[in-house]
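Report on the structure given below.
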Amino acid sequence: MRIDIITIFPEFFSVLDVSLVGKARQSGLIDLRVHNLRDHTHDRHHSVDDTPYGGGAGMVMKPEPWGDAIDDILTHVYPVADLTDAPDLPTATDAGPLLIFPSPAGELFTQAMARKLAEEPNLIFGCGRYEGIDQRVFDHFAEAGRVRLVSLGDYVLNGGEVAVMAMIEAVGRLIPGVVGNPESLVEESHEDGLLEYPSYTKPAAWRGRDVPPVLLSGNHGAIAAWRREQQLERTARVRPDLLPPAN
Ligand code: 6GU
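The sequence shown finishes on residue 433 if you use the numbering used here, and the numbering steps up by one all the way, no holes.
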């Protein structure tokens, strides 16, 4: 998967050199490139924002640097020079890169969305700051391609950078080969729509607390039933909104 990130804080993304995503980059499973939005400004002060039309507090990100930065990536992902003899030409069925803008005004990012995004060959993340990006940027690129505004949850971050990091971690681990043991992806919170069951390891007794005896029983049927019960109990207590309506 190729991932492009546009930001005014490229240094935020140096942490993507480490851990699982870092390894996936080294092994070539993820080709991740970070672009500085200010490289696409043409004024002396490299300004990326201006006051909002209609008034109001805060600043809005100007459309021109965004347009140029995205155009630049689009021409590099599908370089025109390659169109003559490249073996993997973009075809009519190729939907092209998916443009994602993190925004508290977007649709909610979920495990289901992460699974869909993990199937995309090209993702472009545009990290907004201030009060947001000029609406025409979304409208312009949605006309010829796919654009989604995506939110992590109902709270406000100062910018999209941390949100993009979270999305890349959630999506990256679902790319085949990134997580060593694919079975570890199955029994996790949200994969079956429920929260995960509690886990225990050795020692069997610690500070007066024993591991639930069923887990030491060797009875796999009983263990599976107990874990399911724990998932349902925990989900009902902490996240009742995840349970299907009772009938
Ligand atoms: Cl994706 N962006 C920002 N700026 N704030 C958020 C968010 C995203 N998700 C929740 N809050």
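All C-beta atoms, glycine included, are put in the ideal place defined by N, C-alpha and C.
Helix, strand or coil at residue i according to DSSP, with G and I counted as helix
{"i": "residue 324", "result": "helix"}
{"i": "residue 299", "result": "helix"}
{"i": "residue 383", "result": "coil"}
{"i": "residue 224", "result": "helix"}
{"i": "residue 267", "result": "Only weak support exists for where residue 267 lies, its pLDDT of 48 falling under 50; the value from the coordinates is given anyway. Here residue 267 sits in helix by DSSP."}
{"i": "residue 353", "result": "helix"}
{"i": "residue 149", "result": "Lying outside 187 to 433, the shown extent of the chain, residue 149 is not represented and no answer is given."}
{"i": "residue 304", "result": "coil"}
{"i": "residue 218", "result": "strand"}
{"i": "residue 396", "result": "strand"}
{"i": "residue 342", "result": "coil"}
{"i": "residue 246", "result": "strand"}
{"i": "residue 390", "result": "coil"}
{"i": "residue 253", "result": "helix"}
heavy atom of ligand 1 below 7 Å from residue i C-beta
{"i": "residue 356", "result": "no"}
{"i": "residue 430", "result": "no"}
{"i": "residue 386", "result": "no"}
{"i": "residue 312", "result": "no"}
{"i": "residue 244", "result": "no"}
{"i": "residue 323", "result": "no"}
{"i": "residue 403", "result": "no"}
{"i": "residue 333", "result": "no"}
{"i": "residue 343", "result": "yes"}
{"i": "residue 300", "result": "no"}
{"i": "residue 240", "result": "no"}
{"i": "residue 349", "result": "yes"}
Extent of the continuous beta strand (DSSP E) to which residue i belongs
{"i": "residue 232", "result": "No beta strand (DSSP E) contains residue 232, which DSSP labels as neither H nor E."}
{"i": "residue 293", "result": "284–294"}
{"i": "residue 309", "result": "308–312"}
{"i": "residue 319", "result": "Taken as a continuous stretch (DSSP letters only), residue 319 belongs to no beta strand (DSSP E), as it is neither H nor E."}
{"i": "residue 359", "result": "Unbroken run through residue 359: none, as it is neither H nor E."}
{"i": "residue 188", "result": "188–193"}
Distance between beta carbons of residue j and residue i, contact taken as under 8 Å
{"i": "residue 152", "j": "residue 220", "result": "As shown, the chain starts at 187 and ends at 433. That puts residue 152 outside it, with no answer to give."}
{"i": "residue 188", "j": "residue 229", "result": "About 30 Å; that fails the 8 Å criterion."}
{"i": "residue 245", "j": "residue 236", "result": "6 Å"}
{"i": "residue 347", "j": "residue 195", "result": "6 Å"}
{"i": "residue 423", "j": "residue 383", "result": "That belief does not hold up - the Cβ atoms of residue 423 and residue 383 are roughly 13 Å apart, past 8 Å."}
Closer than 7 Å: residue i CB and nearest ligand 3 heavy atom
{"i": "residue 338", "result": "The model depicted lacks ligand 3 and carries ligand 1 instead."}
Cβ of residue i within 8 Å of any chain C Cβ
{"i": "residue 401", "result": "Among the chains of the structure shown, chain C does not appear; only one protein chain is present."}
Start and end residues, alpha helix (DSSP H) containing residue i
{"i": "residue 333", "result": "Premise fails: residue 333 lies in the beta strand (DSSP E), 332–337, not in any alpha helix (DSSP H)."}
{"i": "residue 409", "result": "406–424"}
{"i": "residue 372", "result": "Premise fails: residue 372 is in no alpha helix (DSSP H) and is neither H nor E."}
{"i": "residue 210", "result": "205–212"}
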